[in-house]
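Written below as structure tokens is the structure these notes are about.
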Amino acid sequence: MAHILSFVSSLAYFALLGLSSADPPYVNNRTYEYIVVGSGPGGGPLAANLARAGHSVLLFEAGDDQTENLNVSQWNPDDVDWNKIAETTGDESWSAANMRKYLVRLEKAHYNSSHVHGHDGWLDTTMLDSGYAGFQDARELTTLAALAAGYKTSDTTSLLTRDMNGNQTNRDNLIGPFGGVSHINPNGRRSSPGYYVRDTVAENKYPLTLSLDTLATKIIFKSSGTAPRKKAAGIEYIQGKSLYSADPRSNASVTGKPGKVYASREVIISGGAFNTPQLLLLSGIGPRKQLEKFKIPVIADLPGVGQQVADNYEAGILSLARREVNVGQNIFPNFFKSSVGKIRDIYMWCGNFAFEGFWPGFPNIPEKNFTGDYGPREYECALVHMNPRSQAGTIELQSTNPRDVPAINLNFFKDGADEDLTAIHEGVELVRSWLSKVNASEANSLAPFEEMHPCEGTIGKQNCTAAAQKTYIKEQAYSHHASSSARIGADDDRYAVLDSDFKVRKVAGLRIVDASSFPKVPGGFPVLPTMMISEKATEVILQGLADEE
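Read in order, the letters of the sequence shown are residues -22 to -1, 1 to 527 in mature numbering (1 follows the signal peptide of the UniProt record, and there is no 0).
Written as structure tokens, this is what we have:
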């Protein structure tokens, strides 16, 4: 398989969840009950849910149709992630036990499990094939991984059908191989928030208006009666293709068509960890000092906007087998608890691929030019270090032009670097331990493996120091799971941008529902957790309307 690439600079462009490709509708000066900005895993389902509940919704998406670029595996975060939000806010509705119902509500599971799952939701889920049954190489490597986790050879088959989205007792400490879950249906159709929005629009019976190629530039506020807080009343926008400069197709000479649109109830921002704080800042919500620097009138002085940004660390161990690795297109997930982790803290997935992290020139050169894979002998376990100790990233304005990208500094390893690097290094050593046990004396053996990184040489015979490997990992670590740039928090936390109902503090009529709202990165990948909070936000909003009646 070719290199699988990861990067930060892509911003919202590569987060687009595909929708219909029609020209943007005429929405200027119109009023909807709700305006949702961003069609990703937070905004897309929320907009569709509100429309299906009978409320008029306008959904803005700065990008175009990218449906076919999405095929993301997903899984539930650790229980402690949810329970920590409940503890911090004092809102028990965030407990892991309660949050489980939102997973059940949104999913349409097509696999058997001993755990409770949903079968009537909008998100199709299927169990991935580990290759164990059909490929001897997959069988050997997954068995060695099981042994390394303390299981028996005979346990491997059952381990590879373990449900990573199950609600097992003590699930936060379950390690070793699991069955992977992907959001596709049994016929191979990808399932995503984009398809859910597309289907909602196509049914032509719900009041959902979708406007692609529409970049929100500012939140409109108005006085809210005698209350001191201002109320979000609408959105200023420009319409046109590839207006945001993170899009490689963007052309500054294409100015777009400006407009304004209004919300009678609420404005909901779901632009993601980078673009949500950018839009808040452009609209006068954020740290006073930064707003005054750009002469932006202060609507709400919220020091936490764009601050304390969190992200997982990703790395990997890449090697070349003696011969072609025959595992098909299959991968298997594996969890590991390092010596410095309170719960399992390393998630990895292994297969015939190469993860190289940041690639020079990407994404500004065509994909067809990426020919630097290592061929059929490559075998990698890519690692995600969950809940890193450093949460010091910043998202700040570079200008007042909404088409410009913000200044992003994730400040990797600023705090707790030694412990985090130890965890990743131990994950690498775990993989190395089972690859070294492949019997090189057998005919047609995969062994010996020649490691490409982080320690070059024949596995089992290298002499790299732990310090040298940690240096390599620190320099090469990457990720694309940024969160927490407008986070939920306690009332006495000056950096808490949101309350537990997703409401932006110090203003009215404005919520944020996306990965930026998490206090820290939820588990290995934030996609499914963000879909879950979208379901929770739907419930919160609709219950609020019911309480008003």
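Note that the Cβ used here is the ideal one computed from N, Cα and C, for glycine as well.
Quantities reported herein were computed from a predicted structural model and do not represent experimental measurements.
Neighbour-count burial assignment, residue i, 16 or more Cβ in a 10 Å radius
{"i": "F314", "result": "buried"}
{"i": "D225", "result": "buried"}
{"i": "G20", "result": "buried"}
{"i": "V94", "result": "exposed"}
{"i": "N143", "result": "buried"}
{"i": "A230", "result": "exposed"}
{"i": "Y12", "result": "buried"}
{"i": "Q286", "result": "buried"}
{"i": "H(-20)", "result": "Residue confidence for H(-20) is low, a pLDDT of 34 falling below 50, so the modelled location carries little weight and cannot support an answer."}
{"i": "G68", "result": "exposed"}
{"i": "S170", "result": "buried"}
{"i": "C359", "result": "buried"}
{"i": "P344", "result": "Note that P344 scores a pLDDT of 44, beneath 50, so its modelled location is shaky and nothing firm can be said."}
{"i": "P265", "result": "buried"}
{"i": "residue 537", "result": "With the chain covering only -22 through 527, there is no way to say anything about residue 537."}
{"i": "V232", "result": "exposed"}
{"i": "E70", "result": "exposed"}
{"i": "R140", "result": "buried"}
{"i": "A385", "result": "exposed"}
{"i": "Q521", "result": "exposed"}
Residues that DSSP places opposite residue i in a beta bridge
{"i": "Q217", "result": "T192, K235"}
{"i": "I295", "result": "C359"}
{"i": "E244", "result": "Y12"}
{"i": "E374", "result": "A385"}
{"i": "P500", "result": "For P500, which the question treats as bridged, DSSP gives no partner whatsoever."}
{"i": "W60", "result": "Answer by DSSP bridge pairing: none, since W60 is not bridged."}
{"i": "K200", "result": "K209"}
{"i": "L37", "result": "V14, L188"}
{"i": "I162", "result": "R168"}
{"i": "G21", "result": "According to DSSP, which records beta bridges pairwise, G21 is partnered with nothing at all."}
{"i": "G157", "result": "D141"}
Minimum C-alpha distance to residue i - residue among the options
{"i": "D323", "options": "S297, R367, G306, N330", "result": "R367"}
{"i": "A194", "options": "K200, G172, Q256, Q114", "result": "Q256"}
{"i": "S248", "options": "K238, M326, L488, A230", "result": "L488"}
{"i": "H361", "options": "N330, H403, A385", "result": "The identity of residue 361 in the sequence shown is Leu, whereas the question assumes His. L361 has its Cα closest to that of H403, out of N330, H403, A385."}
{"i": "S316", "options": "G154, I274, L523, D351", "result": "G154"}
{"i": "V15", "options": "Y240, P426, G128", "result": "Y240"}
{"i": "A474", "options": "I277, V35, P55, G284", "result": "G284"}
{"i": "D477", "options": "H459, F496, H363", "result": "F496"}
{"i": "P236", "options": "Y456, P380, I490", "result": "P380"}
{"i": "I198", "options": "F156, T187, D351, A211", "result": "A211"}
{"i": "G166", "options": "I511, A444, D102, S201", "result": "D102"}
{"i": "residue 537", "options": "L413, Q114, A31, A524", "result": "Outside the displayed range of the chain (-22 to 527) lies residue 537, so it cannot be described from this structure."}
{"i": "T187", "options": "F480, V35, D469, D289", "result": "V35"}
{"i": "I274", "options": "S462, I321, K196", "result": "K196"}
{"i": "N389", "options": "Y456, V383, R355", "result": "Y456"}
{"i": "N304", "options": "A288, Y110, D177, Q454", "result": "Y110"}
{"i": "R472", "options": "L259, P281, A444", "result": "P281"}
{"i": "S411", "options": "Y174, L506, S136, Q440", "result": "Q440"}
{"i": "F391", "options": "H363, L413, V383", "result": "H363"}
{"i": "S136", "options": "T121, T443, E513", "result": "T121"}
{"i": "P426", "options": "D479, H458, E302", "result": "E302"}
{"i": "W60", "options": "A251, D525, K514", "result": "K514"}
{"i": "I321", "options": "A31, G32, D56", "result": "D56"}
{"i": "A370", "options": "A288, G394, L259, N27", "result": "A288"}
Would you call the stretch 182 to 189 and the stretch 85 to 102 in contact, with 3 or more CB pairs under 8 Å?
Too few Cβ pairs lie closer than 8 Å, so no.
Counting Cβ pairs closer than 8 Å, one from the stretch 414 to 434 and one from the stretch 362 to 376, do we hit at least three?
Between the stretch 414 to 434 and the stretch 362 to 376 there are fewer than three C-beta pairs closer than 8 Å, too few to call the two in contact.
Complete runs of the beta strand (DSSP E) confined to the stretch 84 to 154 [at least 3 residues]
Correct list: 85 to 87, 101 to 105.
Are the stretch 488 to 502 and the stretch 74 to 85 in contact at 8 Å, needing three or more beta carbon pairs?
No, because fewer than three Cβ pairs between the stretch 488 to 502 and the stretch 74 to 85 fall closer than 8 Å, the two stretches do not touch.
In chain order, what are the residue ranges of uninterrupted beta strand (DSSP E) at least 3 long that sit wholly in the stretch 415 to 493?
Runs found: 428 to 431, 488 to 490.
Does the pairing of the stretch 102 to 110 with the stretch 150 to 170 give three or more beta-carbon distances under 8 Å?
Here the stretch 102 to 110 makes contact with the stretch 150 to 170; the two share three or more CB pairs at distances below 8 Å.
Segment contact flag, the stretch 444 to 454 with the stretch 399 to 414, C-beta cutoff 8 Å, min 3 pairs
Pairwise C-beta distances place the stretch 444 to 454 in contact with the stretch 399 to 414, as three or more of them are shorter than 8 Å.
Mind the definition here: the stretch 478 to 495 touches the stretch 202 to 216 only if three or more C-beta pairs lie below 8 Å; say whether that holds.
Touching, yes, given that three or more Cβ pairs across the two stretches are closer than 8 Å.
Taking contact to mean 3 or more Cβ pairs, one atom from each stretch, closer than 8 Å, check whether the stretch 324 to 331 and the stretch 263 to 271 are in contact.
The count of Cβ pairs closer than 8 Å, one atom from the stretch 324 to 331 and one from the stretch 263 to 271, stays below three, leaving the stretches out of contact.
Could you pull out every unbroken beta strand (DSSP E) segment of at least 3 residues lying fully inside the stretch 241 to 329, listed in chain order?
Within the stretch 241 to 329, the complete beta strand (DSSP E) runs of at least 3 residues are 291 to 298, 309 to 314, 324 to 329.
Does the count of Cβ pairs from the stretch 112 to 126 and the stretch 59 to 68 closer than 8 Å reach three?
Output reads no: the stretch 59 to 68 does not touch the stretch 112 to 126.
Mind the definition here: the stretch 290 to 297 touches the stretch 401 to 420 only if three or more C-beta pairs lie below 8 Å; say whether that holds.
By the Cβ criterion, the stretch 290 to 297 is in contact with the stretch 401 to 420, since at least three pairs of Cβ atoms, one from each stretch, lie closer than 8 Å.
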